[in-house]
Each structure stands twice: as C-alpha cells, then as structure tokens.
Amino acid sequence: EGTQANITNFFTGA
Amino acid sequence: MLEARLEQSSVLKKVVDAIKDLVQDCNFDCNDSGIQLQAMDNSHVALVAMHLKTEGFALYRCDRNIALGINLVSLQKVLRAAQNEDVMTLKAEDSPDALSLVFENSENDRISEYDLKLMDIDQEHLGIPETEYGATVKMPSAEFQRICRDLSLLSESVAIEATKEGIKFSCTGDIGKGAVTLRQNPNVEKPELGTTIELQEPVALTFSLKYLVNFCKASGLSNTVTISLSNEVPLLIEYEMEHGYVRFYLAPKIGD
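If you're matching them up, the sequences are chains E and F in order. So for the first sequence, the numbering used here puts the first residue at 1; every next one is plus one. So for the second sequence, the numbering used here puts the first residue at 1001; every next one is plus one.
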C-alpha cells in the first residue's frame, strides 16, 4: 500500500 | 479594522463544516483580497487552502492585515446560532482578542450578537508551487464523494490512474476489491453533471482514503469538484465557490 509521504516534503516553508 | 458582511451565513457555515475535521486551530488571514486560510492537518499529510474573495462580500473593509486565530470547533458553536439565510457581519479591531459576529434575519427583526475569543496561533505557511498537472478531472462532487465512501469500506488506500481511457479508482482490501472507472462524458445541457478529463500524460498514484473521505465534506460548497494529479506530487482537490475556493492537497503514498 506504500508509505505515506509528508506534505512538507513537497511544499517548502515560505 | 475588519468589517465583512456576507449576504448568506451559509457560505461560512459550509466552509467551516468542510475543514473542521481536518484542522482544529488556524489563522483566518484578512487583507484587501479577502479572507484566506492555510493549514496542515496534525500529521502533516494534508493541507487546506481557503479563499473568500472580497467580491463575495456585500461589504468588505480591511485597513491592514489581520490574523484571526480561531478554534474551528468554537467557531462552529457560534455559527450554529446563525440561520443559513441570515446576513452575517464579522468585525474585529486591528489587534483583536475577539471576533464579533452579528446575524440578522431577512425580515430585519432579529439581531443576534456573539463574540468569539481569539487565540495566538504560530502557524507555518507553506509555499505551494505552480504545477502543470498531468491529469485534471472535473466531475460532480456528489459522485466523487460516493466513490470515496464506497471504496473506503473496502480498503485504507485507493489507486487513482488517469489514462486516455478515463480515470480509474481502485482498491484492494481484506474482503475483496473494487474499482470505478469514469470515462469522459461532458454534459452539454448540465455541465455540472458531466465528467471532463484533460490528460497531458498518464498518471498513477496511491492515496489514503481516510483523507479523501474527509475532503468530501466540502461537497456542499460546489456541485463539481476538480481533481488534479501529477506523478509523485500531492493531489489537488478543489471546490470552487462563486467568489472563492476551498482546496485540499494530499501527499501520495510512495513505493511498497
């Protein structure tokens, strides 16, 4: 089923 | 100071209903473009972005940027006192410790006044890059909700595949497996009932159904939902309102 990725891995702090 | 009047309280009630199970405390950022919100869920898997544009307000005045730190459960308690058709006015000072909410019925013979205590919320804002998505699907929001609910009874995860054949939602669980494929089917007379698929490249991704079911609580905001997918980036689910939107981003499940 795969490992759940974290949204902060894709969207960086602004 | 902030003064913002909505012709119908139902707009804010629906927005809060849509996001309150995903995020608890968040800043409503008020500025000259309207009221915006961006927040992640506690596990940092999903992100919600909301914008109520100034055009959607019967009256809108915001002299300087104001962050209203709001507990959504508390806000919902106050909003229960507003009838859907009531005119709602939000007021706050420049450095507020409370948000004033006034609900007036259309007959103009009932005025309800509430104050909601605000909190200091140190919230991280993420930069969301402009993305050219591989596949963009527009479909009835009720149908997307039904698919997510049905598949969530079988499995924790759904595989979404977009190809030139259509978009396929499939899952496998302990009791069996299920799949729903939607083909492009524009409805000329009632576009909100049709399904359109724009495909730049085939996409295949896996997502947690728990989050998708949660996002579908926004179905009351719009008859249609737009699902945007690209390989190895978060899914975007958008509910567009007449003067604003609620967008949900969900990180994919990766590998085996």
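All residues carry an ideal CB built from backbone N, CA and C; glycine is no exception. For clarity, every value in this text was computed on a predicted model and none was experimentally measured.
### Task
Using a Cβ-Cβ cut-off of less than 9 Å, list which residues of the stretch 1040-1074 of chain F approach chain E; keep chain order.
Met1040, Asp1041, Ser1043, His1044, Val1045, Ala1046 and Leu1047
### Query
Taking 8 Å as the CB-CB limit, is alanine 1251 (chain F) close to chain E?
yes
### Query
Closer than 8 Å, CB to CB, is serine 1170 (chain F) near chain E or not?
no
### Query
In chain E, which residues lie with their C-beta within 8 Å of the C-beta of isoleucine 1175 (chain F)?
Neighbours of isoleucine 1175 (chain F) on chain E: none; closest Cβ ~16 Å, over 8 Å.
### Query
Enumerated in chain order, which unbroken segments of the alpha helix (DSSP H) with a length of 4 residues or greater are wholly contained in the stretch 1117-1174 of chain F?
1141-1152
### Query
Roughly how many angstroms separate the alpha carbons of asparagine 1084 (chain F) and leucine 1052 (chain F), rounded to a whole number?
17 Å
### Message
Helix, strand or coil, according to DSSP, for alanine 1218 (chain F) in the structure here?
### Response
helix
#### Entry: Extent of the continuous beta strand (DSSP E) run through serine 1043 (chain F)
Taken as a continuous stretch (DSSP letters only), serine 1043 (chain F) belongs to no beta strand (DSSP E), as it is neither H nor E.
#### Entry: Residues that glycine 1255 (chain F) contacts on chain E, provided the C-beta gap is smaller than 7 Å
Gly2 and Thr3
### Query
Using the rule of at least 16 other Cβ atoms within 10 Å of the residue's Cβ for burial, across every protein chain shown, is aspartate 1153 (chain F) buried or exposed?
Reading off the sequence, residue 1153 (chain F) comes out as leucine, not aspartate. Exposed, because fewer than 16 other Cβ atoms sit within 10 Å of the Cβ of leucine 1153 (chain F).
### Task
Note down, in chain order, each residue of its chain lying with its Cβ closer than 7 Å to the Cβ of glutamine 1184 (chain F), except the 5 sequence neighbours on either side.
Gly1166, Thr1195, Thr1196 and Ile1197
### Task
Give the secondary structure of serine 1228 (chain F) by DSSP, where H, G and I count as helix, E and B as strand, and everything else as coil.
strand
### Task
For isoleucine 1111 (chain F), count neighbouring Cβ atoms within 10 angstroms of its own Cβ and tell me buried if that reaches 16, exposed if not.
exposed
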